[in-house]
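*Asks:*
Protein chains: 2
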Amino acid sequence: MKTIHVRSSKGDYKILVGKNLLPRAGTFLSDVFESQSKLMVVSQKNLTPYLNPILASLKKQGFKVQTHMLPDGERAKSEKELFRLIQTLLAKGFERKDGMVAVGGGVVSDLTGFAASVYLRGIRYVNVATTLLAQVDSAIGGKTAIDLPEGKNLVGSFWPPALVISDVRVLQSLPERELSASLAEVVKYGMIRDTELFGFLEKNGRRILQRDLNALEKIILLSAGIKARVVSSDEFETKGERMILNYGHTFGHGIEGALCYGKLVHGEAVAIGMMMGAQLAADLGICPRELIWRQMKVLLSFKLPVSIKRFHLKTEAILKVMMKDKKKSQGLLRFVLPRRIGQVTVEQKIPVSLIQKIIRLAGGK
Amino acid sequence: MKTIHVRSSKGDYKILVGKNLLPRAGTFLSDVFESQSKLMVVSQKNLTPYLNPILASLKKQGFKVQTHMLPDGERAKSEKELFRLIQTLLAKGFERKDGMVAVGGGVVSDLTGFAASVYLRGIRYVNVATTLLAQVDSAIGGKTAIDLPEGKNLVGSFWPPALVISDVRVLQSLPERELSASLAEVVKYGMIRDTELFGFLEKNGRRILQRDLNALEKIILLSAGIKARVVSSDEFETKGERMILNYGHTFGHGIEGALCYGKLVHGEAVAIGMMMGAQLAADLGICPRELIWRQMKVLLSFKLPVSIKRFHLKTEAILKVMMKDKKKSQGLLRFVLPRRIGQVTVEQKIPVSLIQKIIRLAGGK
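Line by line, the protein sequences are chains A and B. Going by my numbering, the first sequence opens with residue 8, and the numbers climb by one from there. Going by my numbering, the second sequence opens with residue 8, and the numbers climb by one from there.
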């Protein structure tokens, strides 16, 4: 087991990465909560197989354990589910010293973390990350949120977990498409910060897709380490450093929005977005053209899409969604663009005509 | 105009105390928000007289000003009103750089501050405190909350304002009973931390009740200064220092709860609670008996109640509510008790029989 440290204004916390950690959850949580504390384990029905070893371990440690199941999918991130969880905490008499354990991916940790941040003005919670995406991204950094009818993640908080547990073994049962989509974010970490990680992905595509546990553990450690360093130095997204995590996301959100969040999952849209980012960087003379091909080769090796041709999307439809981006500054879109593998830059003054050209090159009508 | 400084993890902020500050609100807010920022002014109908000079001043400064009115009274602190405000912010296109201005007492700042803490994961807000209680207590320190059917302030956050504006002039139109009730909290500050303040209250009861602006300004400055120092050193109520602000509140909450939050307003219950606290301290030999009488004399000079005789409350009913206190630690009630004027201590191991005796002495059946 390896440990990554994260700094936060609410206290530092650890990310534990290793094989077979779930049955030891009770031991790890005894460093966070007093013995006999109440713990609300929050999860989703499709994750039941992971729950049993965790619940057994927590009970063995002497915690008073309750479970609370959220509906499957993104609809768990609603006002209704937020207050249903809070009412359960109240009904079970949870106090400030008690806590929650989010067992799942980003949906579960976003909702649980948000409830934790506002219940009695804040209690602690632990993320047990059961997807690759959660292990390298959403479980780390304390961004919590619910969705509103008007859009995703519009209400939330920065509320860091007290501990993150990433058991590599859970990835063995991850659906193939979800594994691939999460790998887009891993490629992103390589592109923005880490030539070693990118080189490893270039050489070990097959091992990773075959879910070799040592290969998965290595890319999780390197990716989670990058995320940990970025959020440690820019906890509240105020200093610009967290911005680099958006590589591929400005175009990606445009594509997702134009598709009304169907057909492509987030990681797939990010893969295409990174291709568009690399193309834009090359057109601007910021990076060598060769980088486009190296990035494409890695993405294709993970069975990720690299263009939007098959969706017959209108260029203007994508552009319109992009212009609504909440990270826009003074009406201008900001793009994270590669300089070389492992290094990015933020560019703001991109002519709209060039953005349109890039979308068309990627297959926009 | 005088300035008090408060430290917080989200950045330090100022409390401005003076006469006729409302018409200068725009100037003060230009230190907090970029020119041209959108500002949502949140208030209640009964506060309309204060709104006009503020709105005029903000508009003159170039801010894009919207207003949002909450229903009167405590029912503004609801889930429904929270999300209604958030939907308004969304509909008007508020971004992270924009902000809110809470014009009112604790109800308005609690709801506005909570909405500010979760909208887009946090925007800034300013408190314009229009009651004495807000000026010396609720506008300072960043505690925000809404109520649930199960109880008050059960969901909320610690989210400090970016600025607090306390215009002494607004107190001239404050209802008499509200002025008296707020003075209970001022007496509390004297009792827990400030012999100078307590002495001033002993000598100037009449001037204060007659709303002499210089006298009011003095007690606001001293009281807000104490609150500012306490919350600066214990922002998240984790170090025990914020605890001393609860002098009179453990008994007070018991009385309020047993009366189902009718008949007595909060400050009146706190006045009786302080009398019970002083009695308990004297019985324990912690403070001289003379302190009871000095405190009673000041409270009576402000027309505050000092016993519960006229309510015919059962001792056990009060005790039962007290035992549900969320600041309880390991099943034991903690009492803030006076040692002498200006100094308190926290006592935990008080026999239940003694608590019962104190309630009976104050008029419990």
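Backbone N, C-alpha and C define an ideal beta-carbon position, used for all residues, glycine too. Keep in mind the model is a prediction, meaning the values are calculated, not measured.
Between residue 308(A) and chain B, is the shortest Cβ-Cβ distance under 9 Å, so that the two count as touching?
*Replies:* Locating residue 308(A) in the first sequence gives position 301, counting from the first residue. It does not: the Cβ of residue 308(A) has no partner Cβ on chain B nearer than 9 Å.
*Asks:* Please name the residue in 260(A), 184(A) and 177(A) whose C-alpha comes closest to that of residue 224(A).
*Replies:* Mapped onto the first sequence, residue 224(A) falls at position 217. Residue 224(A) has its Cα closest to that of 177(A), out of 260(A), 184(A) and 177(A).
*Asks:* Out of 121(B), 148(B) and 28(B), state which residue places its alpha-carbon closest to the alpha-carbon of residue 15(B).
*Replies:* As a first step, residue 15(B) is located in the second sequence; it is residue number 8 there, counting from the start. Measuring from the Cα of residue 15(B), the nearest candidate turns out to be 148(B).
*Asks:* Can you tell me whether DSSP reads residue 244(B) as helix, strand or coil?
*Replies:* What you label residue 244(B) is simply residue 237 of the second sequence in a count that begins at 1. Three-state result, residue 244(B): coil.
*Asks:* I'd like to know whether the C-beta atoms of residue 369(A) and residue 303(A) end up nearer to each other than 9 Å.
*Replies:* Within the first sequence, numbered from 1, the residue matching residue 369(A) stands at position 362. Within the first sequence, numbered from 1, the residue matching residue 303(A) stands at position 296. No, Cβ-Cβ distance for residue 369(A) and residue 303(A) is not below 9 Å.
*Asks:* How many Å lie between residue 352(A) and residue 257(A) at the Cα?
*Replies:* Here residue 352(A) is taken as the residue at index 345 of the first sequence, counted from 1. Here residue 257(A) is taken as the residue at index 250 of the first sequence, counted from 1. So the alpha carbons of these two residues sit roughly 14 Å apart.
*Asks:* Between residue 17(B) and residue 238(A), what straight-line distance do the alpha-carbon atoms span, to the nearest angstrom?
*Replies:* Translated into positions along the second sequence, residue 17(B) becomes position 10. Translated into positions along the first sequence, residue 238(A) becomes position 231. If you take the alpha carbons of residue 17(B) and residue 238(A), they lie about 16 Å apart.
*Asks:* Tell me whether the region 55-66 of chain A and the region 23-33 of chain A touch, counting them as touching only if at least three CB pairs, one residue from each stretch, are closer than 8 Å.
*Replies:* Yes: the two stretches touch, three or more of their Cβ pairs being nearer than 8 Å.
*Asks:* I'd like the ranges of any beta strand (DSSP E) spanning at least 3 consecutive residues and lying wholly in the region 311-365 of chain A.
*Replies:* Runs found: 342-347 and 350-354.
*Asks:* What whole-angstrom Cβ distance do residue 112(B) and residue 137(B) have, given they're in contact under 8 Å?
*Replies:* For the purposes of this step, residue 112(B) is identified with residue 105 of the second sequence, where counting begins at 1. For the purposes of this step, residue 137(B) is identified with residue 130 of the second sequence, where counting begins at 1. Right, the Cβ-Cβ distance comes to about 6 Å (below 8 Å), so this counts as a contact.
*Asks:* Would you please verify whether the beta carbon of residue 119(B) is less than 9 Å from any beta carbon of chain A?
*Replies:* Here the question's residue 119(B) lines up with position 112 in the second sequence. No, residue 119(B) does not count as interfacial toward chain A.
*Asks:* Could you tell me the alpha carbon to alpha carbon distance between residue 272(B) and residue 186(A), rounded to whole angstroms?
*Replies:* Residue 272(B) sits at position 265 when you count from the first residue of the second sequence. Residue 186(A) sits at position 179 when you count from the first residue of the first sequence. Those two C-alpha atoms are separated by around 58 Å.
*Asks:* Within 9 Å of any Cβ in chain A, is that where the Cβ of residue 94(B) sits?
*Replies:* One-based indexing of the second sequence puts residue 94(B) at position 87. Answer yes: the Cβ-Cβ gap between residue 94(B) and chain A drops below 9 Å somewhere.
*Asks:* So for residue 138(B), helix, strand or coil by DSSP?
*Replies:* Within the second sequence, residue 138(B) is the residue found at index 131, counting from 1. Note: residue 138(B) maps to coil in three-state DSSP.
*Asks:* Using a 10 Å radius around the Cβ and a threshold of 16 neighbouring Cβ atoms, would you call residue 12(B) buried or exposed?
*Replies:* Walking along the second sequence from the start, residue 12(B) turns up at place 5. Looking at its Cβ environment, which holds fewer than 16 other Cβ atoms inside 10 Å, residue 12(B) is exposed.
*Asks:* What is the DSSP secondary structure of residue 296(B), counted as helix, strand or coil?
*Replies:* On the second sequence, residue 296(B) is found 289 positions in, with the first residue counted as 1. Here residue 296(B) sits in coil by DSSP.
*Asks:* For residue 117(B), which residues from the same chain have a beta carbon less than 6 Å from its beta carbon, with the 5 sequence-adjacent residues on both sides left out?
*Replies:* One-based indexing of the second sequence puts residue 117(B) at position 110. 84, 151 and 152.
*Asks:* Compare the C-beta of residue 207(B) against all C-beta atoms of chain A and say whether one is closer than 9 Å.
*Replies:* Taking the first residue of the second sequence as position 1, residue 207(B) is located at position 200. No - not a single Cβ of chain A is within 9 Å of the one on residue 207(B).
*Asks:* Taking the alpha-carbon of residue 321(A) as reference, which of 341(A), 349(A), 363(A) and 306(A) has the nearest alpha-carbon?
*Replies:* Within the first sequence, residue 321(A) is the residue found at index 314, counting from 1. Taking only the C-alpha atoms, the option nearest residue 321(A) is 363(A).
*Asks:* Please state whether DSSP places residue 284(B) in a helix, a strand or coil.
*Replies:* As a first step, residue 284(B) is located in the second sequence; it is residue number 277 there, counting from the start. Helix.
*Asks:* Below 9 Å between beta carbons: does that hold for residue 344(B) and residue 306(B)?
*Replies:* Here residue 344(B) corresponds to residue number 337 of the second sequence, with the count starting at 1. Here residue 306(B) corresponds to residue number 299 of the second sequence, with the count starting at 1. The answer is no: Cβ separation not under 9 Å.
*Asks:* Within its chain, find whatever has a CB closer than 8 Å to the CB of residue 95(B); leave out the 5 residues flanking it on each side and keep chain order.
*Replies:* Counting from 1 along the second sequence, the entry for residue 95(B) is found at position 88. Only 47, 73 and 75 meet the Cβ criterion.
*Asks:* Is there a Cβ of chain B sitting closer than 9 Å to that of residue 131(A), yes or no?
*Replies:* By 1-based counting over the first sequence, the position of residue 131(A) is 124. No, its Cβ sits nowhere closer than 9 Å to a Cβ of chain B.
*Asks:* Here's the rule I'm using: 16 or more other beta-carbon atoms within 10 Å means buried, otherwise exposed. How should residue 98(B) be labelled?
*Replies:* Position 91 of the second sequence, counting from 1, holds the residue named residue 98(B). Exposed, by the Cβ-count rule.
*Asks:* Could you tell me whether the Cβ atoms of residue 266(A) and residue 318(A) are closer together than 9 Å?
*Replies:* Residue 266(A) sits at position 259 when you count from the first residue of the first sequence. Residue 318(A) sits at position 311 when you count from the first residue of the first sequence. Closer than 9 Å, so yes.
*Asks:* Run the CB neighbour count on residue 119(A), radius 10 Å, all protein chains shown included, and call it buried at 16 or more, exposed below.
*Replies:* On the first sequence, position 112 is the one that residue 119(A) refers to. Residue 119(A) comes out buried.
*Asks:* Along chain A, which residues have their Cβ under 7 Å away from the Cβ of residue 163(B)?
*Replies:* Position 156 of the second sequence holds residue 163(B). What residue 163(B) touches in chain A: 125 and 128.
*Asks:* Which of the residues in the region 139-151 of chain A, read from start to end, lie with their CB under 9 Å from any CB of chain B?
*Replies:* Hits within the stretch, in order: 150 and 151.
*Asks:* Tell me, which residues are paired with residue 24(A) by DSSP?
*Replies:* Counted from its first residue, the first sequence places residue 24(A) at position 17. According to DSSP, which records beta bridges pairwise, residue 24(A) is partnered with 9(A) and 173(A).
*Asks:* Grab the span of the alpha helix (DSSP H) containing residue 96(B) for me, first residue to last.
*Replies:* In the second sequence, residue 96(B) corresponds to position 89, counting from 1. Counting along the chain, the alpha helix (DSSP H) containing residue 96(B) begins and ends at 86-98.
*Asks:* Does chain B have any CB closer than 9 Å to the CB of residue 252(A)?
*Replies:* For the purposes of this step, residue 252(A) is taken as residue 245 along the first sequence, with counting starting at 1. It does not: the Cβ of residue 252(A) has no partner Cβ on chain B nearer than 9 Å.
*Asks:* Reducing DSSP to helix, strand and coil, say where residue 77(B) ends up.
*Replies:* Locating residue 77(B) in the second sequence gives position 70, counting from the first residue. Residue state, collapsed to three classes: strand.
*Asks:* Apart from the five residues just before and just after residue 4(A), which ones in its own chain have a Cβ nearer than 6 Å to its Cβ?
*Replies:* Shown here, chain A extends from 8 to 372; a query on residue 4(A) therefore has no answer.
*Asks:* Given that a residue counts as buried once 16 or more other Cβ atoms are within 10 Å of its Cβ, and exposed if not, what is residue 213(B)?
*Replies:* Mapped onto the second sequence, residue 213(B) falls at position 206. Per the 10 Å Cβ criterion, exposed.
*Asks:* Expressed to the nearest angstrom, what Euclidean distance is found between the alpha-carbon atoms of residue 326(B) and residue 166(B)?
*Replies:* Residue 326(B) sits at position 319 when you count from the first residue of the second sequence. Residue 166(B) sits at position 159 when you count from the first residue of the second sequence. Computed Cα separation, rounded: 32 Å.
*Asks:* Can you look up residue 146(A) in the DSSP assignment and give me helix, strand or coil?
*Replies:* For the purposes of this step, residue 146(A) is taken as residue 139 along the first sequence, with counting starting at 1. In this structure, residue 146(A) counts as coil in the three-state DSSP scheme.
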